[in-house]
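Asks:
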Amino acid sequence: MSARPRLPRAATACAPWVRTRLRTAPGTACAFALLVLVTAFLAAAFPRSVDAYETKGLRHDLGAVTPARSVLEVSAPQPGLELRPESREAAVRQDTLATVHGEILKRLPDPVRADTAESAYGMRTSTPIGAHEPWFPRPYGLDPELTYVTQSGLSDHATLRTGTWPAVHGRVTLESREVEAAVTEATAKALRIKAGATIAVPTRGDDILTVRITGIVAPKNPGGSYWSAEPLLRTPSLVAKPTKETPRYYWIAALLLPPDAGPALLSTTGQPEVYWRIAPDGSRLTALDVPELRTSVASLEGGPGLLAVRDVAGSTATVATDLDEVLTAYDGMRSAIQPVVTVAAVGIGAVAVVVLLMTGGLLASRRHSELALLRARGGSLKGIGGRLLAETAVTAVPAGALGLLLAVVTVGEARLWPAAIGAGAVVVLVCAALPLRTALLHRTPQTHVDRDDLATARPSRRRTVAELTLMVLAVGAVAALRRRGTGAEGGTDLLVSAAPVLVGLIAAVVLVRLYPLPLRLALRSVSRLRGAVGFLALARAGRTSATGTLPLLALLVALTTAAFGGSVLAGVADARDSAAVRATGADARVSGEADSVPLSDGLIRAVEKTAGVRGVARIQVEYGVALPPAENGIEDAKGTTLIGVDPETYAALARSTGLGSFSAGRLKGKGPAVPEGTLPPKDRIVPALVSPSVAERLGEKPRDLQSLAGDFRVEVAGTVTRTPAVDGSSFIVVDSAQLTHRKTTTLLLTGSALDAKALRAAARDSGQNFAVQLRAEERATYVDTPMQSGAERIYLAAIVAGAGYALLAVLLSLLQTAPERTTLLARLRTMGLTSRQGGRLLGFEALPQALLAAGGGLLVGWATIALLAPGIDLVRLALSSGPGAGLLDTAPLRTDPWSLVLPALGVIVLTGAVAGVQAWWAGHRGSITELRAGDSR
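So the sequence shown is numbered by this note's numbering: it starts at 1 and just counts up by one.
(1) Hey, Ala477 and Ala498 are a contact pair by Cβ (cut 8 Å); roughly how many whole angstroms apart?
(2) Less than 8 Å between the CB atoms is what I'm expecting for Gly660 and Ala652, so what's the real figure, rounded?
(3) Return the bridge partner residues of Asp873 from the DSSP annotation.
(4) Work out the CA separation of Leu796 and Ala664 for me, nearest whole Å.
(5) Counting beta carbon pairs with one atom in the stretch 33-45 and one in the stretch 405-413, are three or more of them shorter than 8 Å?
(6) Which two residues bound the contiguous alpha helix (DSSP H) that contains Glu133?
(7) Specify the secondary structure class of Tyr782 as computed by DSSP and reduced to three states.
(8) Is the CB-CB distance between Val36 and Val426 below 8 Å?
(9) Spatial neighbours of Phe46 within its chain, please: C-beta separation below 6 Å, excluding the five flanking residues on both sides.
(10) Please report the straight-line C-alpha distance between Leu938 and Val875, rounded to a whole angstrom.
(11) Between the alpha carbons of Pro67 and Ser225, how many angstroms are there, rounded?
(12) Quick one: grab the DSSP three-state call for Ala546.
(13) Return helix, strand or coil for Asp704, following the three-state DSSP convention.
(14) Give me the residue from Thr210, Leu285, Pro247, Ala850 with the minimum Cα distance to Ser267.
(15) Inspect the CB distances between the stretch 132-144 and the stretch 161-176 and report whether three or more fall short of 8 Å.
(16) Check each candidate in Leu256, Lys241, Pro247, Arg775 and name the one with the smallest Cα separation from Thr235.
(17) May I ask you to report which of helix, strand or coil DSSP gives Gly718?
(18) Terminal residues of the continuous beta strand (DSSP E) containing Gly122?
(19) Taking 8 Å as the cut-off, decide whether the C-beta atoms of Val149 and Leu233 are in contact.
(20) Assess contact between the stretch 746-759 and the stretch 566-582, defined as three or more Cβ pairs (one per stretch) separated by less than 8 Å. Is contact present?
(21) As an exercise, report each continuous alpha helix (DSSP H) stretch of at least 4 residues that is fully enclosed by the stretch 7-92, in chain order.
(22) Return the residue from the list Glu792, Ile208, Leu859, Thr723 that minimises the CA-CA distance to Pro647.
(23) According to DSSP, simplified to helix, strand and coil, what is Gln620?
(24) Taking 8 Å as the threshold (beta carbon to beta carbon), is Pro724 in contact with chain C?
(25) Ends of the alpha helix (DSSP H) at Gly504?
(26) Do the stretch 500-510 and the stretch 858-875 make contact, defined as three or more Cβ pairs closer than 8 Å?
(27) Using a Cβ-Cβ cut-off of 7 Å (strictly less than) and excluding sequence neighbours within five positions of Tyr275, which residues of its own chain qualify?
(28) So what's Thr203 in DSSP terms, helix, strand or just coil?
(29) Check whether the stretch 172-184 touches the stretch 278-287, taking contact to mean three or more Cβ pairs, one atom from each stretch, closer than 8 Å.
(30) If contact is defined by three or more beta carbon pairs under 8 Å, each pair taking one atom from either stretch, is the stretch 549-562 in contact with the stretch 502-517?
(31) Report yes if the C-beta distance between Glu778 and Ala583 is below 8 Å; otherwise report no.
(32) Go ahead and pull the three-state DSSP assignment for Phe731.
(33) My output table needs one value for Val411: the three-state DSSP class, helix, strand or coil.
(34) Taking the alpha-carbon of Thr159 as reference, which of Glu133, Pro219, Glu608, Val733 has the nearest alpha-carbon?
(35) Where are the alpha helix (DSSP H) runs, 4 residues long or more, that stay fully inside the stretch 163-209, in chain order?
(36) Output needed for Pro16: all residues of its chain with C-beta closer than 8 Å, excluding positions within five of it in sequence on either side, in chain order.
Spelled out as structure tokens, the structure:
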């Protein structure tokens, strides 16, 4: 039996689905891919940006702290006296210390890494030794005290300026009585040390160890850990001798001996000890290393790490560092900033999800007839959904991958997997939106679809239950945020972070429910007018699909997020401005040390003539003025600050700065001013403006007050919590004309474009060490950490992205009904509708929903900020741990009008612009296509 011949397979009867669809609508595919690309980029860039600024913040904090705090110092006392001299000498020689240094570096637990170039080891006298040479300077008649150090690597970290490098000649032992040393240029200048000078160092016996200065060196990197872990190595210092009398100062300095000169120090009386200073290397640390780094530091200070160090450095070795405090401060900053940033991320993420769903809805509505026809002809949901999934994936997957690539290239030094998850989630969402929507709408073949007008729709019970559930969640989230704040313990709470989104969601639901009411009232009013355009436009607006909740939700959440981000930035700016004002008291401040040195008349005149100075307030400040005993007889050793001012000038300054405004008449005393240098009458009562604590202490009756400015009776005329002259909570402000001994110790200047160079030049020319402090310069110091600037950039991006997505939501909403409006215009033009009337018709039709979205966005944005403000504190975001950190206790969130109004106006303008462009375009093209018989549009 012969084999049955094979018949050739039939040729494919149709072109591939995906290729056909892409060729049919290339513009739509490109726009869709662009939207996916941008959204995937934002989703991938956010976690990478957070990782990047947290990592940079960690490295900044480790680099900004002084080496004395960041260095890991291993120290051990000198070898015991019970050992043989040879063993003691061998234990402190360079070879032994170098071997121990290498073993310590090997035993450092991860992720602690050492900067070997800045690390050092050696021996030093822990107790300074007095120097009695007569040529040393003695400012107060006290001998200088010197520390002797045998630090390794001197020639690698210094440049020889004079003489020769110190060296050992032969083998140094306990019996050696002469060694060489070097000093830095700063030490040589301050202590008048020259090459060839000798210093006698007492030993435990009757002998003297002679230290000969052979060279003067200059540090190559004075700020590095080698020189700054112990600043005395490079710079001498004047220190006060402890005494109850007037402080007396003496010099302390360090002499640098060669590394092998350690055995000679064992015979001195300076309690020598060996040390190994490990400079940390933070260049490869990331924010993810912080928990392990904290554990490792704790282990080195008192755990298994310390035991490992003692195995090589001796059983008495200790490890000291302040790295744990640096890491604690870093964690505090990150914990304060992270929840606030999460609020912005959740808001933008919600808007992006809604816009992507709107895009899927737009694509589905445009192809509703096509898909209904396929379903009616026997197409399965699985088959249709699979084709739509493939069609969407062809454009979405490459766009998402490109967005991820751009995020990786743009934001470096961050983890890849969170960014990949973000971009992947965007791709999955857009790929699933169209097939799922199709499956829901076309579960059964549809021959006719009823109208779903927003004005006549009746919400179902399921929808009502869902809306009530969302309302309960929103109320709970807002209540939790107001009660606990964003910085609650236990990490970031996503429900609390989603509070602005939930508020916007509830507002969208409520506005959609209320929307038909004003529309019906407006329609009744317009129906009585003669023209048909207004009535037709409002009637068309009432026929908007009930699914218009999604565009309104996108707009409200986007506008709320943009307003919230703008309010955060405004609150940060206000906090920094307030801190700068409190630090200076005015636009500029000129004062001496501790506000106690009188300013000369020449300096005051020079300052008043400086360009840009508009007003000068002369202030007399006296700290530590004793308060009279309280009425219950209890005395308080803590004094207050007496401030003498000119009432008129100071009242104007207080009003302009917002620090304790008051009426000048409250400070003016009765009767003429007291002549300078004369005692006031005993019955003279001086009115005073005081802080609440002082007011409670003084009571309501006049009290006697004694100060260097004079003795007088003071009566409380008013209380203020702040005052420009001082940043404190205890002060008394009086009229300087009532003081017996008057002097100006501080100048508070107001004006614009103050010349800082001229002010500092005037201060220098006065011959005194007066300080000039400008508010603008103080304000600039508060933005100093990458974590703060990174969080601000994220909020700025949130504002831009929120506004962009809001406008995109408007555009998508209008595009969804664009074919229907085009057909309407074409038909009405056959009835005599002019182009101008067509533009008015489309504008009036889109105006109700635009006004609803803009007005709702304004209201919801304002309400959200007002509701959430008590639970959000921006002080850590605004101020770092720098000089202004303690000036503010809190930095509240405040409404920024520009962030509320500008995006809302943009929605209205874009809506009107799209309507006008569509009317113009429809008026300049033919109407044949729109008027074709059988056109489903």
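Glycine included, every Cβ here is placed at the ideal spot set by N, Cα and C.
Replies: Answer, in terms of the structure:
(1) The residue you call residue 477 lines up with position 477 of the sequence shown. The residue you call residue 498 lines up with position 498 of the sequence shown. Their Cβ separation, rounded to whole angstroms, is 6 Å, which keeps Ala477 and Ala498 in contact under 8 Å.
(2) The residue given as residue 660 occupies position 660 in the sequence shown. The residue given as residue 652 occupies position 652 in the sequence shown. At roughly 13 Å, the Cβ-Cβ gap does not stay under 8 Å, so Gly660 and Ala652 are not in contact.
(3) By 1-based counting over the sequence shown, the position of residue 873 is 873. The partner list for Asp873 (beta bridge, DSSP) reads Pro892.
(4) Residue 664 sits at position 664 when you count from the first residue of the sequence shown. Residue 796 sits at position 796 when you count from the first residue of the sequence shown. Going by the C-alpha atoms only, they are around 43 Å apart.
(5) Segment contact: the stretch 405-413 against the stretch 33-45, three or more CB-CB distances shorter than 8 Å; contact assigned.
(6) Counting from 1 along the sequence shown, the entry for residue 133 is found at position 133. It is not in any alpha helix (DSSP H) - Glu133 carries neither H nor E in the DSSP assignment.
(7) Start at 1 with the first residue of the sequence shown, and residue 782 comes out as number 782. Coil at Tyr782, not helix or strand.
(8) Along the sequence shown, one-based indexing puts residue 36 at 36. Along the sequence shown, one-based indexing puts residue 426 at 426. Yes, they are a contact pair.
(9) Taking the sequence shown and counting its residues from 1, one reaches residue 46 at position 46. Excluding positions up to five away in sequence, the list reads Ala345.
(10) Given a span of 1 to 937 for the chain in the structure shown, any question on residue 938 remains unanswerable.
(11) Within the sequence shown, the letter at position 67 stands for residue 67. Within the sequence shown, the letter at position 225 stands for residue 225. Taking the straight line from one Cα to the other gives about 5 Å.
(12) Along the sequence shown, one-based indexing puts residue 546 at 546. With a pLDDT of only 47 at Ala546, under the threshold of 50, the placement of this residue in the model should not be trusted; the figure read from the coordinates follows. In the structure shown, Ala546 sits in a helix (DSSP, three-state: H, G or I).
(13) Taking the first residue of the sequence shown as position 1, residue 704 is located at position 704. When secondary structure is reduced to three states using DSSP, Asp704 falls in the strand class.
(14) Translated into positions along the sequence shown, residue 267 becomes position 267. Out of Thr210, Leu285, Pro247, Ala850, Thr210 has the C-alpha closest to the C-alpha of Ser267.
(15) Cβ pair count under 8 Å is below three, so no.
(16) Indexing the sequence shown from 1 puts residue 235 at position 235. Comparing alpha carbon positions, the residue from Leu256, Lys241, Pro247, Arg775 closest to Thr235 is Leu256.
(17) Here the question's residue 718 lines up with position 718 in the sequence shown. Here DSSP, grouped into helix, strand and coil, assigns Gly718 to strand.
(18) In the sequence shown, the residue the question calls residue 122 occupies position 122. Start and end: 120-125.
(19) What you label residue 149 is simply residue 149 of the sequence shown in a count that begins at 1. What you label residue 233 is simply residue 233 of the sequence shown in a count that begins at 1. Result yes, Cβ atoms of Val149 and Leu233 sit closer than 8 Å.
(20) no
(21) 17-24, 26-64, 67-70, 85-91
(22) As a position in the sequence shown, residue 647 is number 647, starting the count at 1. Residue Thr723 is the option with its Cα nearest to Pro647.
(23) Taking the sequence shown and counting its residues from 1, the one referred to as residue 620 is at position 620. DSSP places Gln620 in strand when its eight states are reduced to three.
(24) No chain C appears in this structure, which consists of one protein chain only.
(25) Taking the first residue of the sequence shown as 1, we reach residue 504 at position 504. Note, Gly504: alpha helix (DSSP H), 499-514.
(26) yes
(27) Working through the sequence shown from its first residue, we reach residue 275 at position 275. Excluding positions up to five away in sequence, the list reads Glu73, Val74, Ser75, Tyr121, Gly122, Arg124.
(28) Numbered from its first residue, the sequence shown carries residue 203 at position 203. Residue state, collapsed to three classes: strand.
(29) With a cut-off of 8 Å, the stretch 278-287 and the stretch 172-184 do not count as touching, because too few Cβ pairs lie within range.
(30) yes
(31) Here residue 778 refers to the residue found at position 778 of the sequence shown. Here residue 583 refers to the residue found at position 583 of the sequence shown. Yes, Cβ-Cβ distance for Glu778 and Ala583 is below 8 Å.
(32) As a position in the sequence shown, residue 731 is number 731, starting the count at 1. Of the three classes helix, strand and coil, the one that applies to Phe731 here is strand, per DSSP.
(33) Against the sequence shown, residue 411 aligns to sequence position 411. Of the three classes helix, strand and coil, the one that applies to Val411 here is coil, per DSSP.
(34) The residue given as residue 159 occupies position 159 in the sequence shown. Out of Glu133, Pro219, Glu608, Val733, the CA that lies nearest to the CA of Thr159 is found in Pro219.
(35) Counting whole runs of 4 or more residues, the stretch 163-209 contains the alpha helix (DSSP H) stretches 185-191.
(36) Locating residue 16 in the sequence shown gives position 16, where the first residue counts as 1. Same-chain partners within the cutoff: there are none.
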